[in-house]
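Chains as they are written, first to last, in this note's numbering: chain S, 9 to 331; chain W, 14 to 222.
Cβ atoms here follow ideal geometry from the backbone N, Cα and C, with glycine treated the same way.
Keep in mind that this is a model prediction, so the values were computed, not measured.
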Amino acid sequence: MLLKKAPDLRESDVTPRSWYVRRREFLQAAGSAAVAAAAGATAPLFDGTATALAQNPDAQKLTGLQKSPLSTDEKLNSYRDVTTYNNFYEFGLDKGDPARYAGSLKPRPWSVVVEGQCGKPGTYHVEDIMKWFPLEERIYRLRCVEAWSMVIPWVGFPLADFVKRFEPTSKARFVRFTTLVDTRQMPGQTEPALPWPYVEGLRMDEAVHPLAILAVGLYGEVLPNQNGAPIRLVVPWKYGFKGIKSIVRVSFDESQPRNTWQRVRADEYGFFANVNPAVDHPRWSQASERRIGEFFKRRTLPFNGYADQVASLYAGMDLRKFY
Amino acid sequence: MSPTHVRRIVKPIVFVLALEPFLWLVYNAFFGDLGVNPVETITNHTGIWTLRFIVITIALTPLRWVSGFNPLTRFRRMIGLFASFYGTLHFMTYFVLDQSLQFTGLWDDVVKRPYITAGFTAFVLMIPLAVTSTQGWIRRLGGRRWNLLHRLVYITALAAVLHYFWKVKLDTTDPLFYAGIVGVLLAARVVHRVRRAAASAPVPVRREA
Ligand code: HEM
Numbered sequence: 009m010l011l012k013k014a015p016d017l018r019e020s021d022v023t024p025r026s027w028y029v030r031r032r033e034f035l036q037a038a039g040s041a042a043v044a045a046a047a048g049a050t051a052p053l054f055d056g057t058a059t060a061l062a063q064n065p066d067a068q069k070l071t072g073l074q075k076s077p078l079s080t081d082e083k084l085n086s087y088r089d090v091t092t093y094n095n096f097y098e099f100g101l102d103k104g105d106p107a108r109y110a111g112s113l114k115p116r117p118w119s120v121v122v123e124g125q126c127g128k129p130g131t132y133h134v135e136d137i138m139k140w141f142p143l144e145e146r147i148y149r150l151r152c153v154e155a156w157s158m159v160i161p162w163v164g165f166p167l168a169d170f171v172k173r174f175e176p177t178s179k180a181r182f183v184r185f186t187t188l189v190d191t192r193q194m195p196g197q198t199e200p201a202l203p204w205p206y207v208e209g210l211r212m213d214e215a216v217h218p219l220a221i222l223a224v225g226l227y228g229e230v231l232p233n234q235n236g237a238p239i240r241l242v243v244p245w246k247y248g249f250k251g252i253k254s255i256v257r258v259s260f261d262e263s264q265p266r267n268t269w270q271r272v273r274a275d276e277y278g279f280f281a282n283v284n285p286a287v288d289h290p291r292w293s294q295a296s297e298r299r300i301g302e303f304f305k306r307r308t309l310p311f312n313g314y315a316d317q318v319a320s321l322y323a324g325m326d327l328r329k330f331y
Numbered sequence: 014m015s016p017t018h019v020r021r022i023v024k025p026i027v028f029v030l031a032l033e034p035f036l037w038l039v040y041n042a043f044f045g046d047l048g049v050n051p052v053e054t055i056t057n058h059t060g061i062w063t064l065r066f067i068v069i070t071i072a073l074t075p076l077r078w079v080s081g082f083n084p085l086t087r088f089r090r091m092i093g094l095f096a097s098f099y100g101t102l103h104f105m106t107y108f109v110l111d112q113s114l115q116f117t118g119l120w121d122d123v124v125k126r127p128y129i130t131a132g133f134t135a136f137v138l139m140i141p142l143a144v145t146s147t148q149g150w151i152r153r154l155g156g157r158r159w160n161l162l163h164r165l166v167y168i169t170a171l172a173a174v175l176h177y178f179w180k181v182k183l184d185t186t187d188p189l190f191y192a193g194i195v196g197v198l199l200a201a202r203v204v205h206r207v208r209r210a211a212a213s214a215p216v217p218v219r220r221e222a
C-alpha cells in the first residue's frame with residue numbers, strides 16, 4: 009500500500025507545458041477522428057484520461073509532498089472531474105456553477121479565526137498555517153450523499169495536528185467550522201438556498217482521527233476556488249457535505265453544533281453523516297453509488313471503505329438513529 | 014393552412030424539431046461531451062424532455078380553444094408519441110444503468126421510493142396511450158371509450174410533476190414551474206367543461222336577492 013504509482017511526478021512536470029498542451033489537443037483531435045471512424049464505440053463517453061492533465065496552468069504547484077500510507081491506490085478521477093463537478097451552493101446549485109463562478113472568490117490573503125474552548129485562540133493567516141505542518145498527499149475516496157463518488161488526490165495535513173496546536177481544553181468536545189459569508193465573493197449567497205454561513209462540525213475524537221485532514225490543495229496544486237480554497241475539511245468516511253469549504257472560523261465547542269444540512273432537513277441529514285449503505289436517504293438508496301467515470305453502479309462500503317479505521321469511534325451507537 | 018400543407022410540410026418540420034433532443038444526446042455521446050457524469054446528464058435530459066412533451070401534449074387542445082387554430086389537434090398523436098419515446102429512453106437509462114436490468118431492484122425502488130413510484134406510474138400509464146394511439150384503435154374502442162382512456166394522460170402529467178418535485182434535493186423552482194403549467198392546463202379543461210355544460214343546460218331562472 010505504501011509504494012504505489014507516483015502521482016506527484018506527472019507529465020506536466022517533465023514536459024514544458026505548451027508542448028504537452030498542444031500534443032494533448034492533437035491527441036484529442038486524433039481521438040475524435042478515430043471515434044468518428046469507429047462509430048459505435050462508447051469510449052469517449054466515459055474517458056476521463058484525455059483531460060486528466062488539463063490542469064490549471066496558473067495554479068501554484070505544491071512541492072515536497074509526503075506520501076501517506078492512508079492513501080488508496082484506486083484509479084484517480086481526472087482533474088476535470090474533480091474541478092468541474094462540484095456541490096458548492098455558495099456559487100449556485102448546478103454542479104457546473106462553482107467552476108463557472110468561483111473566480112470571484114479571493115483565497116489570498118485569508119485568515120482563519122480560532123476560538124472557543126482552547127488555550128491559544130487567535131487569528132491566523134492561511135499562508136502561515138500551511139507552513140506549520142509538512143504537506144501530505146492523501147488519495148481518498150469521496151462519497152457524496154447523492155450517491156456518486158470520486159477518488160481525489162488531496163494535499164493537506166492532519167486535522168489532529170491543527171487541533172492540538174491550539175490546546176483545546178477538556179471542555180472542548182466538538183469542533184465547529186464555518187465558511188466565509190460574502191455575497192460579493194460568493195454570489196450564490198444572495199439566494200436563500202441554504203441558511204448562510206455554512207456550518208459543519210465533528211466530535212473531538214473524529215476531528216483527531218488520523219484520516220481527517222484539512223486540505224489546501226489537490227493534484228499537487230493549490231486548491232482551486234471551486235473545491236473550497238484556500239482551506240477545507242476532508243473526512244473521507246463521511247458524506248461529502250461534511251467536508252466544509254473555504255473555512256474562516258474554527259471553534260472548540262462544549263455542545264454539538266447544528267450543521268447546516270441538519271438544520272435545513274433534519275429528517276434527511278444528520279450530524280454524523282457516516283457513509284452507510286444500510287441506512288438509506290429517505291428519498292433514495294445509499295446501498296450503491298456511481299463512481300464518476302463508470303457506467304454501472306458499484307456497492308457502497310460501510311464508512312466508505314474506511315470501516316477498519318473508524319468503526320470503533322461509533323461502537324455502541326445506533327447508526328440508524330445517529331445518521 | 015390546408016390539410017396537405019400540414020401533412021407534407023409542417024409535420025415533418027415538427028418531427029425533426031421533436032427529435033432534436035435525441036439527436037443532441039447521440040451527437041454529444043459520440044462526438045461531444047456529456048459532462049463529468051454522463052449517466053446523470055442522460056437521465057436528466059431525457060426526463061425533462063419527457064415532461065416537456067407531456068405538457069405540450071395536454072396543452073394542444075386548450076391552445077386550440079384559445080387560438081381557434083384547429084390544425085393543432087393533428088399534432089397530438091405525434092407529440093404524445095414523442096413523450097412516450099423520451100419516457101422510454103429515460104426509463105431504460107435508469108433500468109439499465111442504475112439497476113443493471115434487475116427487476117428486483119426496480120421493484121424495490123418502485124415500492125420504497127415515492128419519487129420512483131410516481132415516475133413509474135407516469136410511465137406505465139403512458140404505455141396504453143401509446144399503444145392505442147392509432148386510427149385502428151380509435152375505431153376499435155370507439156371515440157367515447159378512447160377519449161375516456163386517453164384522459165389517463167392527466168394522471169401521467171400529475172405523477173410526472175410529483176416525480177420531479179420529489180427528486181430534487183433542494184431547489185424546487187423548476188418542478189413548481191411545471192406543476193404550475195400542468196395546473197393551469199387542467200383548470201382550463203375544467204372551466205371549458207363547466208362552460209359547455211352551462212351553455213347546453215337550460216338557463217336557470219334567476220332569483221332576485
Ligand atoms: C413519464 C414519466 C417520467 C417523467 C416525465 C420523468 C421526468 C423526470 C425529470 C424531469 C427528472 C429530473 C431532471 C432534472 O433534474 O433535470 C427525472 C429524473 C429522474 N427520473 Fe424520471 N421521469 C419519468 C419516469 C421515470 C421512471 C419510470 C423512472 C424509473 C423507474 C424514473 C427515474 C428517474 C431517475 C432515477 C431520475 C434521476 C434522479 C437523480 O439524478 O437523482 N423516471 N425524471
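Next item on the list: Confirm the yes/no value for this check: CB of ILE61 of chain W, any heavy atom of the ligand HEM, distance under 7 Å.
Entry: yes
Check: Any idea if ARG209 of chain W is buried or exposed, counting beta-carbon neighbours within 10 angstroms, 16 or more meaning buried?
Finding: exposed
Notebook entry, point to check: So is the beta-carbon of VAL49 of chain W under 7 Å away from any non-hydrogen atom of the ligand HEM?
Noted result: no
Item checked: Rounded C-alpha distance that separates THR50 of chain S from LEU94 of chain W -> Because the pLDDT of THR50 of chain S is 38, which lies under 50, any placement of that residue in the model is unreliable, and the number read from its coordinates should be weighed accordingly. Approximately 28 Å between the Cα atoms of the pair.
Item checked: Inter-residue Cα distance where the pair is TYR247 of chain S and ASN282 of chain S -> 6 Å
Next item on the list: Would you identify the three-state DSSP class for THR17 of chain W, choosing helix, strand or coil?
Entry: helix
Next item on the list: Mind listing the chain W neighbours of GLU297 of chain S? Cutoff is C-beta to C-beta under 8 Å, in chain order.
Entry: Neighbours of GLU297 of chain S on chain W: none; closest Cβ ~11 Å, over 8 Å.
Note to self: Given the structure, does ILE129 of chain W come close to the ligand HEM, in the sense that its CB is under 7 Å from one of the ligand's heavy atoms?
What the structure shows: yes
Notebook entry, point to check: TYR314 of chain S to LYS75 of chain S, Cα distance in whole Å?
Noted result: 18 Å
Margin query: Can you find the residues in the same chain that come closer than 7 Å, C-beta to C-beta, to GLY60 of chain W, ignoring five residues on each side of it along the sequence?
Written below: HIS103
Notebook entry, point to check: Got a sec? Which residues, its chain only, sit under 6 Å from ARG257 of chain S by beta carbon, not counting five neighbours each side?
Noted result: VAL121 and THR186
Note to self: Considering just the uninterrupted stretch of the alpha helix (DSSP H) at GLU135 of chain S, what are its terminal residues?
What the structure shows: 134-140
Check: Out of W:VAL68, W:ILE55 and W:ILE26, which has the shortest C-alpha to C-alpha gap to VAL109 of chain W?
Finding: W:ILE55
Notebook entry, point to check: Looking at ARG184 of chain S and ASP261 of chain S, is the spacing between their C-beta atoms short of 8 Å?
Noted result: yes
Next item on the list: Give the straight-line distance between the Cα atoms of THR145 of chain W and LEU165 of chain W, rounded to the nearest whole angstrom.
Entry: 12 Å
Next item on the list: Spatial neighbours of ASP275 of chain S within its chain, please: CB distance less than 8 Å, with the 5 preceding and 5 following residues excluded, ordered by chain position.
Entry: PRO290
Notebook entry, point to check: From this set, W:ALA143, W:PRO16 and W:VAL195, which residue's C-alpha is nearest PHE98 of chain W's C-alpha?
Noted result: W:ALA143
Checklist line | C-alpha gap between LEU309 of chain S and GLU53 of chain W, whole angstroms | finding: 22 Å
Checklist line | For GLU276 of chain S, the three-state DSSP class (helix, strand or coil) | finding: coil
Note to self: So if I threshold CB-CB distances at 7 Å, which residues from the region 102-121 of chain W count as touching chain S?
What the structure shows: LEU110, ASP111 and SER113
Next item on the list: Determine the DSSP secondary structure at ASP105 of chain S, reduced to helix, strand or coil.
Entry: helix
Checklist line | Those residues which DSSP pairs with ALA223 of chain S across a bridge | finding: S:GLY164 and S:ARG240
Note to self: Tell me the residue span of the alpha helix (DSSP H) that contains ARG184 of chain S.
What the structure shows: It is not in any alpha helix (DSSP H) - ARG184 of chain S instead sits in the beta strand (DSSP E) that spans 182-187.
Next item on the list: Might you give, ordered along the chain, the residues of its own chain that have their beta carbon closer than 8 Å to the beta carbon of ALA44 of chain S, omitting 5 neighbours on each side?
Entry: Reliability fails at ALA44 of chain S, whose pLDDT of 37 lies under 50, so the model's placement of it is uncertain and no value is given.
Notebook entry, point to check: Roughly how many angstroms lie between the CA atoms of TYR97 of chain S and PRO203 of chain S, to the nearest whole one?
Noted result: 11 Å
Check: Just to confirm, does GLY149 of chain W get its C-beta within under 7 Å of one of the non-hydrogen atoms of the ligand HEM?
Finding: no
Check: Is there a Cβ from chain S that is less than 8 Å from the Cβ of TYR128 of chain W?
Finding: yes
Margin query: Assuming contact is defined by CB atoms lying nearer than 8 Å, are LEU64 of chain W and ALA201 of chain W in contact in what I supplied?
Written below: no
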